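Worksheet: the structure to be examined is printed underneath.
In my numbering, the protein residues as written are 321 to 461.
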């Protein structure tokens, strides 16, 4: 199944919106490095959008589970982008590069899980997947 141009653009736009949500949530934790995640957010959205191409074929209980998994994958990728940006763009001496990246990924996952953001973001991600899957299905007919 090939994605349509509309699905690709909406996936990138969706990634930007999710990136802005992440900036609003995580700016206090990463005041300068979070911009790396925002820069990468269209690519993250494109990756997650590619997942939604077959999402609507799943039974509902698997859609719910797949949405949670994709939320955590997207959050991990956002944390990875934050960590890489922190490592490469912010000139702070005597840091362990892989430690900086892993710390950002774990901080994003920690906040998503233990600050309870996943409770709100999971249904929002389900709605997002549903909308993206509709555009993919509409492009195929």
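Positions of the beta carbon are idealized from the N, C-alpha and C atoms, including for glycine. Nothing here was measured: the structure is a model prediction, and the numbers come from that model.
Judged by their CB atoms, residue 366 and residue 396 are not nearer to each other than the 8 Å cut-off.
For the 8 Å CB-CB criterion, residue 362 and residue 335 form a contact.
Restricting attention to 388, 370, 444, 408, the CA atom closest to the CA of residue 455 is found in 370.
With 16 or more other Cβ atoms inside 10 Å of its own Cβ, residue 425 counts as buried. Put simply, the backbone Cα of residue 391 is about 26 Å away from that of residue 408. In this structure, DSSP gives residue 412 a state outside helix and strand, which the three-state scheme calls coil.
Looking from the CA of residue 326, the closest CA among 373, 393, 399, 410 belongs to 373. Taking residue 445 as the centre and dropping the five residues before and after it, the same chain places the C-beta of 387, 391 closer than 6 Å to its C-beta, in chain order.
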